[in-house]
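Below: one structure, written as structure tokens.
In full-length UniProt numbering, the protein residues as written are 1 to 315.
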């Protein structure tokens, strides 16, 4: 007899990319580019050393290729930058003009050096962050491709063996277990118990007489997705108590919901049918164990735990 107490404390389909979808993707890239540039531009504009570079004065029009922060701002508003390189080129043109058309060591050259240092630091930070984001996105896409390829192979194998009785039985069992897990995390433990019992009844009741709680726990863990199953999870019951004096409690099996919610804690109690019947009958057979088992199915947990139980101890 196994008592389990619930302590409740798709494959994506591919579609063709339309011209409209492509346009949206292109617009998104433009927005990301503009936001990237604006973030850097605002960082520069907010510095006190940026004042001489915000707008070129008429007397400075002798500059062959004039450039200032206000011009860059206007070009951003008009969506004239099609790449980061164009934006960077204009920013660096400001500093090039500063050093070319002013005496070395002058105050404006000093301010240009300070502002350029600010730009270089911000530029490196943003580019490094962007590279990391792209690498992470590539990794996620690669993982998705590998998973998709794995599913394709699995589907191909199943298709090739759709008339194979063994494969069909394994698939049926897998769907049954998956469905039981889904019900379990939704708070309905009955389908899971039925699936477990179906498995256990492939053995005779007499052969299960030596089964203990660790064995049962190992069997149950095999009915749960490895990714969502944590055995012997330590929980802090009273943080004020020291370790070994009631600080921790343990969940036999902690089952995670797929979205991080609806987590389930399972408490296991392995109660042997033989331990329950030996107090009543000295000589018993498999039929009597089956009758007792069916009788216990109708009892609630409280009635079951009040029954007299016989067990052997070496103490």
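Backbone N, C-alpha and C define an ideal beta-carbon position, used for all residues, glycine too.
Please go through the same chain and pick out, in chain order, the residues whose beta-carbon is closer than 6 Å to the beta-carbon of residue i, but skip the five residues on each side of it.
i           : result
residue 40  : 122
residue 206 : 286
So, is residue i buried or exposed, given that buried needs 16 or more other C-beta atoms within 10 angstroms?
i           : result
residue 23  : Low confidence applies to residue 23: its pLDDT is 47, below 50, so where it sits in the model is not reliable enough to give any reading.
residue 185 : buried
residue 105 : exposed
residue 21  : With a pLDDT of only 45 at residue 21, under the threshold of 50, the placement of this residue in the model should not be trusted; the figure read from the coordinates follows. Under this definition residue 21 is an exposed residue.
residue 203 : exposed
residue 177 : buried
residue 72  : buried
residue 112 : buried
residue 235 : exposed
residue 265 : buried
residue 208 : buried
residue 51  : exposed
residue 175 : exposed
residue 292 : buried
residue 91  : buried
Quick one: Cα of residue i to Cα of residue j, how far?
i           : j           : result
residue 246 : residue 290 : 40 Å
residue 181 : residue 250 : 21 Å
residue 128 : residue 118 : 16 Å
residue 263 : residue 179 : 16 Å
residue 287 : residue 271 : 18 Å
residue 83  : residue 33  : 7 Å
residue 163 : residue 124 : 60 Å
residue 200 : residue 189 : 17 Å
residue 126 : residue 44  : 14 Å
residue 304 : residue 296 : 7 Å
residue 62  : residue 56  : 11 Å
residue 133 : residue 144 : 16 Å
residue 70  : residue 258 : 51 Å
residue 225 : residue 231 : 12 Å
residue 244 : residue 233 : 15 Å
residue 159 : residue 153 : 10 Å
residue 49  : residue 107 : 10 Å
residue 130 : residue 85  : 14 Å
residue 87  : residue 157 : 52 Å
residue 109 : residue 95  : 9 Å
residue 214 : residue 137 : 42 Å
residue 42  : residue 75  : 14 Å
residue 187 : residue 35  : 46 Å
residue 155 : residue 294 : 40 Å
residue 142 : residue 261 : 28 Å
residue 227 : residue 242 : 31 Å
residue 135 : residue 149 : 21 Å
Can you list, in chain order, the residues of its chain whose CB lies under 7 Å from that of residue i, leaving out five sequence neighbours each side?
i           : result
residue 229 : 221, 253, 255
residue 298 : none
residue 196 : 220, 223
residue 212 : 270
residue 238 : 246, 247
residue 284 : 277
residue 240 : none
residue 139 : none
residue 198 : none
residue 120 : none
Who are residue i's beta bridge partners in DSSP?
i           : result
residue 229 : 255
residue 234 : 250
Measure the beta-carbon distance from residue i to residue j and round it to whole angstroms, keeping in mind my assumption that it falls under 8 Å.
i           : j           : result
residue 217 : residue 268 : 6 Å
residue 66  : residue 97  : 7 Å
residue 54  : residue 68  : 6 Å
residue 183 : residue 170 : Contact doesn't hold; Cβ gap of about 21 Å is too wide.
residue 37  : residue 81  : 6 Å
residue 115 : residue 47  : 6 Å
residue 167 : residue 161 : 4 Å
residue 30  : residue 79  : 7 Å
Could you tell me if the beta carbon of residue i falls within a distance shorter than 7 Å of some heavy atom in the ligand HEM?
i           : result
residue 156 : The ligand HEM is absent from the structure shown, which contains no ligand whatsoever.
Between which residues of its own chain and residue i is the CB-CB distance below 8 Å, once the five residues before and five after are set aside?
i           : result
residue 194 : 180
residue 307 : 276
residue 147 : none
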